[in-house]
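Down below is the structure, laid out as structure tokens.
There are 2 protein chains.
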Amino acid sequence: MDHALVYAHEAALVGEVPVGAVVLGPDGTVVAVGRNEVEACHDASAHAELLAMRRAAQRLGTPRLLGCTVVVTLEPCAMCAAAMVHFRCERVVFGAYDPKGGGVEHGARVFERPGCLHVPEVIGGVRERASAQILRDFFRQLRARS
Amino acid sequence: MDHALVYAHEAALVGEVPVGAVVLGPDGTVVAVGRNEVEACHDASAHAELLAMRRAAQRLGTPRLLGCTVVVTLEPCAMCAAAMVHFRCERVVFGAYDPKGGGVEHGARVFERPGCLHVPEVIGGVRERASAQILRDFFRQLRARS
Numbered sequence: 021m022d023h024a025l026v027y028a029h030e031a032a033l034v035g036e037v038p039v040g041a042v043v044l045g046p047d048g049t050v051v052a053v054g055r056n057e058v059e060a061c062h063d064a065s066a067h068a069e070l071l072a073m074r075r076a077a078q079r080l081g082t083p084r085l086l087g088c089t090v091v092v093t094l095e096p097c098a099m100c101a102a103a104m105v106h107f108r109c110e111r112v113v114f115g116a117y118d119p120k121g122g123g124v125e126h127g128a129r130v131f132e133r134p135g136c137l138h139v140p141e142v143i144g145g146v147r148e149r150a151s152a153q154i155l156r157d158f159f160r161q162l163r164a165r166s
Numbered sequence: 021m022d023h024a025l026v027y028a029h030e031a032a033l034v035g036e037v038p039v040g041a042v043v044l045g046p047d048g049t050v051v052a053v054g055r056n057e058v059e060a061c062h063d064a065s066a067h068a069e070l071l072a073m074r075r076a077a078q079r080l081g082t083p084r085l086l087g088c089t090v091v092v093t094l095e096p097c098a099m100c101a102a103a104m105v106h107f108r109c110e111r112v113v114f115g116a117y118d119p120k121g122g123g124v125e126h127g128a129r130v131f132e133r134p135g136c137l138h139v140p141e142v143i144g145g146v147r148e149r150a151s152a153q154i155l156r157d158f159f160r161q162l163r164a165r166s
């Protein structure tokens, strides 16, 4: 999660919502990383964990991330949670909970829907305070500027 | 929808699940198109409508597809439905209903969740039979080959 937090900080530095992600292979080595790039890429789907999963799949040469773990500083939204189903990720570890935008423990609760084709293991609240603090700082500065 | 069906057929020809999509601008002109590219791109998120939305946003130079309509031959999954929220699409028109994989009228029912930040207008079942038939033909041929 420390590694993912580095990418969250990097996002904040360039004015993106500070969320960072890392995809780990079955042996625990880093396969790919990502941070939010919504504004820079003009792509509302360019969330940290979706970019990291896409890059990991590219690198592994398969659309399935079997045995892989996605580590992300914020609870995934419904889009990213559903993408984890499509990518067949084995595990998702996230930092801060997101009652408004989350789709794992909140909102659509994608993995809890009957018939969900693949349900990753979920570990939430890892480095929760640090992950939430960087988001709070970012939005406080944003409000102060506007 | 006829335009989207052309791209669904194109997907089938190259061995991808035959779903096609078109993004229309506020004036009804085509901004971007897409078809499933999951296998070719090694990207489980490369669904027709997500690719079309990303391309449309690129072309318009903004991560928001305000006033735009997404036309897609199959009911969007939860990932694509949630992406439509992020992209702020005004309307989604889809062909076949998808009781197993859909996330609009089935499963996560993304737009119906309390607190959903943006709810597009939904028109389902347009050219439903043609949209479903191409999927049925594809999977029948796939089974016959295996």
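Order-wise, the sequence lines are chains A and B. Count the first sequence with my numbering and you get residues 21 to 166, in order. Count the second sequence with my numbering and you get residues 21 to 166, in order. Just so you know, even glycine gets a beta-carbon here, dropped at the ideal spot from N, CA and C.
- Message: Starting from A41(A), trace the beta strand (DSSP E) in both directions and tell me its first and last residue.
- Response: Position 21 of the first sequence holds residue 41(A). Counting along the chain, A41(A) sits inside the beta strand (DSSP E) bounded by residues 40-44.
- Message: Using a 10 Å radius around the Cβ and a threshold of 16 neighbouring Cβ atoms, would you call T89(B) buried or exposed?
- Response: Counted from its first residue, the second sequence places residue 89(B) at position 69. Result: buried.
- Residues that E59(B) contacts on chain A, provided the C-beta gap is smaller than 9 Å: As a working mapping, residue 59(B) is identified with position 39 in the second sequence. Under the 9 Å cutoff, chain A gives P83.
- Query: Taking buried to mean at least 16 other C-beta atoms within 10 Å of its own C-beta, is H23(A) buried or exposed?
  - Reply: Taking the first sequence and counting its residues from 1, one reaches residue 23(A) at position 3. Burial call: exposed.
- Using a Cβ cut-off of 7 Å, pull out every chain A residue sitting near R133(B), in sequence order please. The count along the second sequence starts at 1 and reaches residue 133(B) at position 113. Under the 7 Å cutoff, chain A gives G127, A128.
- For the segment 49-116 of chain B, which segments carrying the alpha helix (DSSP H) assignment without a break, of at least 4 residues, lie completely within its bounds, in sequence order? 58-61, 68-80, 98-106, all fully within the segment 49-116 of chain B.
- Is the segment 42-53 of chain B in contact with the segment 159-166 of chain A, if contact means three or more CB pairs nearer than 8 Å? Judged by Cβ distances under 8 Å, the segment 42-53 of chain B makes no contact with the segment 159-166 of chain A, as fewer than three pairs qualify.
- Task: Could you tell me which residues DSSP puts in a beta bridge with V142(A)?
- Result: Sequence index remark: in the first sequence, residue 142(A) carries index 122 (1-based). According to DSSP, V142(A) bridges with V112(A).
- Task: Report the neighbours of A103(B) on chain A: residues whose CB is nearer than 8 Å to its CB, in chain order.
- Result: Walking along the second sequence from the start, residue 103(B) turns up at place 83. Chain A residues near A103(B): A64, S65, M99.
- Message: Give me, in chain order, the residues of the same chain whose beta-carbon lies closer than 6 Å to that of I143(B); leave out the 5 immediate sequence neighbours on both sides.
- Response: In the second sequence, counting from the first residue as 1, residue 143(B) sits at position 123. For I143(B), the CB contacts under 6 Å within the same chain, skipping 5 residues up- and downstream, are V113 in chain order.
- Message: Please report the distance separating the alpha-carbon of T82(B) from that of A52(B).
- Response: Translated into positions along the second sequence, residue 82(B) becomes position 62. Translated into positions along the second sequence, residue 52(B) becomes position 32. Their backbone Cα atoms lie some 14 Å apart in a straight line.
- Does the Cβ-Cβ distance between G115(B) and V146(B) come in under 8 Å? Translated into positions along the second sequence, residue 115(B) becomes position 95. Translated into positions along the second sequence, residue 146(B) becomes position 126. By the CB criterion at 8 Å, G115(B) and V146(B) fall inside the cutoff.
- Message: Quick check on DSSP: helix, strand or coil for R147(B)?
- Response: What you label residue 147(B) is simply residue 127 of the second sequence in a count that begins at 1. Coil.
- Ignore the nearest five residues each way along the sequence and tell me which others in R108(A)'s own chain have a CB closer than 7 Å to its CB. Within the first sequence, residue 108(A) is the residue found at index 88, counting from 1. Excluding sequence neighbours, R108(A) sits near R84, L85, L86, H138.
- Would you mind reading off the limits of the alpha helix (DSSP H) that contains A32(A)? Counting from one through the first sequence, the residue named residue 32(A) turns up at place 12. That run of the alpha helix (DSSP H) goes 22-33.
- Ignore the nearest five residues each way along the sequence and tell me which others in A64(B)'s own chain have a CB closer than 7 Å to its CB. Residue mapping note: residue 64(B) aligns to position 44 of the second sequence, counting from 1. If the five residues before and after A64(B) are omitted, its C-beta is found closer than 7 Å to the C-beta atoms of V58, all from its own chain and listed in chain order.
- Message: I want to verify the contact list: residues of chain A whose CB lies under 8 Å from the CB of L94(B), in sequence order.
- Response: As a working mapping, residue 94(B) is identified with position 74 in the second sequence. Under the 8 Å cutoff, chain A gives no residues; its nearest Cβ is about 14 Å from L94(B).
- Using a Cβ cut-off of 7 Å, which residues of the segment 105-124 of chain B contact any Cβ in chain A, in chain order? Answer in chain order: H106, F107, K120, G123.
- Item | Short Cβ contact (8 Å threshold) for S166(A) with L25(A) | In the first sequence, counting from the first residue as 1, residue 166(A) sits at position 146. In the first sequence, counting from the first residue as 1, residue 25(A) sits at position 5. The Cβ atoms of S166(A) and L25(A) do not sit closer than 8 Å to each other.
- Query: Between A77(B) and chain A, is there a C-beta pair that is closer than 8 Å?
  - Reply: Within the second sequence, numbered from 1, the residue matching residue 77(B) stands at position 57. At least one C-beta of chain A is nearer than 8 Å to the C-beta of A77(B).
- On a CA-only basis, which of A68(B), A102(B), H126(B) is nearest C136(B)? Give me that one, please. In the second sequence, residue 136(B) corresponds to position 116, counting from 1. Across the set A68(B), A102(B), H126(B), the C-alpha of A102(B) shows the shortest separation from the C-alpha of C136(B).
- Under 7 Å Cβ-Cβ, which residues of chain A neighbour L70(B)? What you label residue 70(B) is simply residue 50 of the second sequence in a count that begins at 1. Going along chain A in sequence order, the residues near L70(B) (Cβ under 7 Å) are S65.
- Ordered along the chain, which non-local residues of its own chain (more than five positions away) have a Cβ less than 6 Å from that of G54(A)? Locating residue 54(A) in the first sequence gives position 34, where the first residue counts as 1. Within the same chain, G54(A) has close Cβ partners A41, A68, L71, A72.
- Query: Within the 8 Å Cβ cut-off, does R74(A) reach chain B?
  - Reply: Working through the first sequence from its first residue, we reach residue 74(A) at position 54. At least one beta carbon of chain B lies nearer than 8 Å to the beta carbon of R74(A).
- Item | Between the CA atoms of V130(B) and V105(B) - distance to the nearest angstrom | Looking up residue 105(B) in the second sequence gives position 85. Looking up residue 130(B) in the second sequence gives position 110. Taking the straight line from one Cα to the other gives about 9 Å.
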